[in-house]
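In my numbering, the protein residues as written are 1380 to 1524. We treat Cβ as the ideally placed atom computed from N, Cα and C, and that holds for glycine. See structure below.
Structure follows, in structure tokens:
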């Protein structure tokens, strides 16, 4: 019986390792509708270099890379999780107003180059290399340089 359990555990582990990083290129029209709308609204003038679906045993996400190097990551429902803008800045409309105001007041010469939403926390990266984390009430909880 112990050998059977050990064999099953080994098989499950191997299956998990095989499925852990299953990326496949897709067409933009294969993205969830919300992701397509997001791209058409905020990045309509950008050309997509690569769209891919990442799936594992317990998750699914989508990455879109534009020809200028900017990137967006979406969750399985098509909600954005991360936006990276190396050439310009993150579109102001997707940044919560409290974060925009904080940056404008405290770092008026900085641009927001990256924003990530993770479990009700926002993390931004500024052009002055600071990384600032905000909680769900838009209070600063961490600043890294």
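Do you know whose CA, among the options, lies nearest residue i's CA?
i	options	result
residue 1481	1512, 1455, 1466, 1499	1512
residue 1515	1509, 1491, 1495, 1507	1495
residue 1430	1437, 1438, 1420, 1415	1415
residue 1528	1466, 1499, 1460, 1491	It is not possible to answer for residue 1528, since the shown part of the chain is limited to 1380 through 1524.
residue 1427	1419, 1444, 1421	1444
residue 1506	1498, 1483, 1497	1483
residue 1475	1486, 1501, 1419, 1488	1501
residue 1485	1464, 1519, 1499, 1460	1519
residue 1370	1499, 1446, 1488, 1497	This structure does not reach residue 1370, given that the chain is present from 1380 up to 1524, and the question cannot be answered.
residue 1499	1487, 1409, 1460	1460
residue 1425	1464, 1473, 1497	1464
residue 1473	1403, 1408, 1420, 1404	1420
Report all residues from its chain with a CB closer than 8 Å to the CB of residue i; omit the five preceding and five following residues, and keep chain order.
i	result
residue 1401	1433, 1434, 1435
residue 1411	1441, 1453, 1455, 1456, 1457
residue 1524	1508, 1509, 1510
Check the DSSP bridge columns for residue i and list the partner residues they point to.
i	result
residue 1523	1510
residue 1499	Per DSSP, none; premise fails for residue 1499.
residue 1401	1434
residue 1418	Answer by DSSP bridge pairing: none, since residue 1418 is not bridged.
residue 1504	1493, 1510
Can you say whether residue i is buried or exposed, counting buried as having 16 or more other CB atoms within 10 angstroms of its CB?
i	result
residue 1504	buried
residue 1438	exposed
residue 1469	buried
residue 1491	buried
residue 1406	exposed
residue 1493	buried
residue 1522	exposed
residue 1399	Any reading at residue 1399 needs caution, since the residue's pLDDT is 49, under 50, leaving its predicted position unreliable; the model's value is listed next. Its Cβ having fewer than 16 others within 10 Å, residue 1399 is exposed.
residue 1418	buried
Excluding the 5 residues preceding and the 5 following residue i in the sequence, name in chain order all residues of the same chain whose CB lies nearer than 6 Å to its CB.
i	result
residue 1462	1451, 1469, 1494
Here's a check: name, in chain order, each residue in its chain whose Cβ is nearer than 7 Å to the Cβ of residue i, leaving out the five neighbours to either side.
i	result
residue 1517	1475, 1477, 1478
residue 1471	1479
residue 1413	1456, 1457, 1458
Going along the chain, which unbroken runs of the alpha helix (DSSP H) with 4 or more residues stay wholly within the segment 1420 to 1490?
-> 1476 to 1485
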